[in-house]
Structure formats: structure tokens, C-alpha cells
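Data block below; observations after.
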Amino acid sequence: SSGSLEAIQFVRENPVIRIIRSRRNSLDVAISKQKHHKSKSIDAHCDNPDPVQQAQCIEQVRAAGTNMTLNPKKTAEFVQEFVELEDGTDRLLEVLGVPHVKVTYENLYFGQDASEWMKVFRHIGKGPAEGLTLEGLRKSMGHEATFNADHRKTIANYDAVRKALEKKQLAYLLH
């Protein structure tokens, strides 16, 4: 929209504003949206100070995201549209010359080291310059994965969804 374009141009002209461009696997976005749509009573993010209630919440969210039946055609269409939107945003930032750093949700929250977070901190000029560990990050965030790393466990009709994604050259998003 013209409002979005104006905002991006403003950021380009005001380099004090730091843009962190984070992308997430578009199929995982579709799955998350479906999980939270079908399970309205389940929290999107577990954040309970009581360890027992926190563990129960995490288990409920994991269960809701296991063996889900997805509409293959609608899922593939959503994923395709989302990928196109994300690619368009990346192109726009590049074409307009907006300074930014690119990171992925997967590397931020499930990476094997803290390098993705270090990219963010270096870009914004704040936070630790060195010595950041994944263990330290996870302790400070209190974040715990609530999804299955294997789409075969997440998607009950995996083969049908895989075929629909293959038709749109999007099967690379499966893990």
C-alpha cells in the first residue's frame, strides 16, 4: 500500500531506525495459523510463572500441533501467497536501499548457536558484542519449542499436502 511505501521511505531517510527483517518458514506459518484457529482455547505462547501450569500449557500446544489435517489446496495457496508477499518485501527493501539485516525465525529460536542473534545485536549497535551463548539466550527468553520439528508428525495428511506443495514448487519448505 502507499502507506507502507511511505513508511519504508521514511526509514531509508532516517538511518537511526534499524530494520531487522525476520522470515519464518511459510508452511510453518500456515500450520501455526491453523493450529491456533482450530484451538482457540489454547494460548498462542505459553508464559506462565507456575512451572506446572507452564508445562501443561506447552503440552497442550504441542498436542494441538500434532496430527493436524490440513486442506492441501488451501494450505498450498496460502503458502504460495505468503512466500510471494515475503519475497516482495525483501525486494522492496533492497530496491529502496533500506539498511536492514536479514535473519530467520528458525535460526533465532532453534539455531545451533547464537550467531543469528549476534547479527541482530551488531546491526542495532546494542547488546553483547561477544560471548553470547545459546544456553544464555534460552534461559533469558524462557522460550521453549511447542511445534514438531518433523512435518510428518504435524500433518496427518502429509502426502496430500506434500503433493499440493510440489505442484507449486514449494515442497522445499517441508522438514
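In our numbering, the protein residues as written are 12 to 186. Glycine included, each C-beta is placed from N, C-alpha and C at the ideal position.
Beta-bridge partners of T115, as assigned by DSSP: The residue labelled residue 115 in the question sits at position 104 within the sequence shown. DSSP output for T115 lists R34 as bridge partner(s).
Does the segment 135-147 come close enough to the segment 52-61 that 3 or more CB-CB pairs lie under 8 Å? no
Can the beta-carbon of S33 be found closer than 9 Å to that of T115? Mapped onto the sequence shown, residue 33 falls at position 22. Mapped onto the sequence shown, residue 115 falls at position 104. Against a cut-off of 9 Å, the Cβ pair of T115 and S33 comes out as a contact.
Whole-angstrom distance between S15 and F132, CA atom to CA atom: To locate residue 132, count along the sequence shown from 1; it is residue 121. To locate residue 15, count along the sequence shown from 1; it is residue 4. Each residue's Cα considered, the two are about 25 Å apart.
Indicate the three-state DSSP secondary structure (helix, strand or coil) for I19 in the structure shown. Counting from one through the sequence shown, the residue named residue 19 turns up at place 8. Note: I19 maps to helix in three-state DSSP.
Cβ neighbours of V22 in the same chain (closer than 8 Å, five flanking residues each side left out): For the purposes of this step, residue 22 is taken as residue 11 along the sequence shown, with counting starting at 1. Within the same chain, V22 has close Cβ partners I28, I30, V109.
Every unbroken beta strand (DSSP E) inside the segment 72-139 [3 residues or more]: 111-115
Excluding the five sequence neighbours on either side, which residues of its own chain have a C-beta within less than 6 Å of the C-beta of L38, listed in chain order? Here residue 38 refers to the residue found at position 27 when the sequence shown is read from its first residue. Within the same chain, L38 has close Cβ partners V90, L184.
Is it the case that the Cβ atoms of K7 and D98 are separated by a distance below 9 Å? The structure shown has nothing for residue 7, since the chain only spans 12 to 186.
How would you label E127, buried or exposed, when you count the other beta carbons within 10 angstroms and need 16 or more for buried? Position 116 of the sequence shown, counting from 1, holds the residue named residue 127. Counting Cβ neighbours within 10 Å, E127 comes out buried, since at least 16 surround it.
Sufficient close CB pairs (3 or more, under 8 Å) joining the segment 165-185 to the segment 63-75: no
A175 - containing alpha helix (DSSP H), residue span: For the purposes of this step, residue 175 is taken as residue 164 along the sequence shown, with counting starting at 1. That run of the alpha helix (DSSP H) goes 169-178.
Given a cut-off of 9 Å, decide if T80 and I19 are closer than it, judged by their beta-carbon atoms. For the purposes of this step, residue 19 is taken as residue 8 along the sequence shown, with counting starting at 1. For the purposes of this step, residue 80 is taken as residue 69 along the sequence shown, with counting starting at 1. No, these two residues do not count as a Cβ contact at 9 Å.
So L145 is in the alpha helix (DSSP H); what residue range does that whole segment cover? Counting from one through the sequence shown, the residue named residue 145 turns up at place 134. L145 -> alpha helix (DSSP H) spans 145-152.
Apply the 10 Å Cβ neighbour rule to P62 and answer buried if 16 or more other Cβ atoms are within range, or exposed otherwise. On the sequence shown, position 51 is the one that residue 62 refers to. So P62 counts as exposed.
According to the neighbour-count rule (16 or more other Cβ atoms, all chains shown, within 10 Å of its Cβ), is H162 buried or exposed? Stepping through the sequence shown from its first residue, residue 162 is reached at position 151. Looking at its Cβ environment, which holds 16 or more other Cβ atoms inside 10 Å, H162 is buried.
Give the DSSP-derived three-state secondary structure of I166 in the structure shown. Against the sequence shown, residue 166 aligns to sequence position 155. Strand.
Nearest neighbour of S50, chosen from N36, M152, A74 [CA to CA]: For the purposes of this step, residue 50 is taken as residue 39 along the sequence shown, with counting starting at 1. Nearest C-alpha to S50: A74.
If I measure Cβ to Cβ from K174 and keep anything under 8 Å in the same chain, skipping five residues before and after, which residues do I get? Numbered from 1 along the sequence shown, position 163 holds the residue referred to as residue 174. If we look at K174 and ignore the five residues flanking it on each side, its Cβ neighbours are P83.
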